[in-house]
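Following: one structure in structure tokens, then a few remarks.
In my numbering, the protein residues as written are 28 to 286.
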């Protein structure tokens, strides 16, 4: 029997070194592995290269690491909602590899599936393929590091000739993910929107650490209900169902007159 449970979030991330690459699940603030992020912050790990859809907000999610200047590079598809991110990027303190959202998802999945690279039409005819996107500014308005030109090739699919750009799969040193339920073997079930990038991030990590709200015994999860098989998960820690879950923006309609 393979019991992958660890005692705490601190134990789960204790061996993540400075300079590591980490794939982190979540979309906005939905499905963020907050206990693992906070444990990583507490132990002082720095110079991180993080792959995640976005970087949280100024005081939550990956924004906690960013505020303490623990992140050297972000590979993301969305960089709004975080003023500190904007400031560090424009001042040349943070490197950014901006990637189309679907492409980022497939790069993570491909890396986890052992696929070195793939061709996609997304980005053809733009700086995504042609290069020149700023990855790091020099702090004076100039570009210190620009994205490279990528290989393109024409394929005929379904009778239609079209140009495609080559994108490489992502394999990270570690992955940090959040799930609603998991068993001691690492099989995971995600809740609704929190399923987002979490399975893909988990697949891409050489070592995947999962925090779960509820930990159950092997066999208690119906095999048909498993979203991510335990083969991709190496450590699992229970954080409970009472964890804080924030919303980036809440819009409440005014009550109808006379209501």
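The beta carbon of each residue, even a glycine, is placed where N, CA and C say it ideally should be.
- Within 10 angstroms of the beta-carbon of residue 86 lie fewer than 16 other beta-carbons, which makes it exposed.
- Put simply, the backbone Cα of residue 132 is about 30 Å away from that of residue 166.
- Under the criterion of beta carbons closer than 8 Å, residue 96 and residue 75 do not qualify as touching, at roughly 10 Å.
- For residue 168, no beta strand (DSSP E) segment is defined, and its DSSP state is neither H nor E.
- Contact check for residue 205 and residue 223: beta-carbon distance about 10 Å, past the 8 Å limit, so the pair fails to qualify.
- Close CB contacts of residue 178 within its chain, under the 8 Å cut and outside five residues either way in sequence, are with 192, 193 (chain order).
- Boundaries of the beta strand (DSSP E) harbouring residue 205: 199 to 210, taken from the DSSP string.
- Contact between residue 119 and residue 164 holds: their C-beta atoms lie close to 5 Å from each other, under 8 Å.
- By the neighbour-count criterion, in which a residue is buried when 16 or more other Cβ atoms sit within 10 angstroms of its Cβ, residue 219 is exposed.
- Secondary structure note for residue 144: its beta strand (DSSP E) is the uninterrupted segment 144 to 147.
- Classified as buried, residue 31 has 16 or more neighbouring CB atoms from the shown chains inside 10 Å of its CB.
- Looking at the DSSP output, residue 243 bridges to 210.
- Contact between residue 63 and residue 238 holds: their C-beta atoms lie close to 5 Å from each other, under 8 Å.
- In this structure residue 228 is buried. Its beta-carbon is surrounded by 16 or more other beta-carbon atoms within 10 angstroms.
- When DSSP states are grouped into helix, strand and coil, residue 175 belongs to the coil group.
- When rounded, the separation of the alpha-carbon atoms in residue 143 and residue 44 is 25 Å.
- In this structure, the CA atom of residue 94 is about 11 Å from the CA atom of residue 114.
- Here the alpha carbons of residue 77 and residue 196 stand approximately 15 Å from one another.
- Under DSSP, residue 32 shares a beta bridge with 263.
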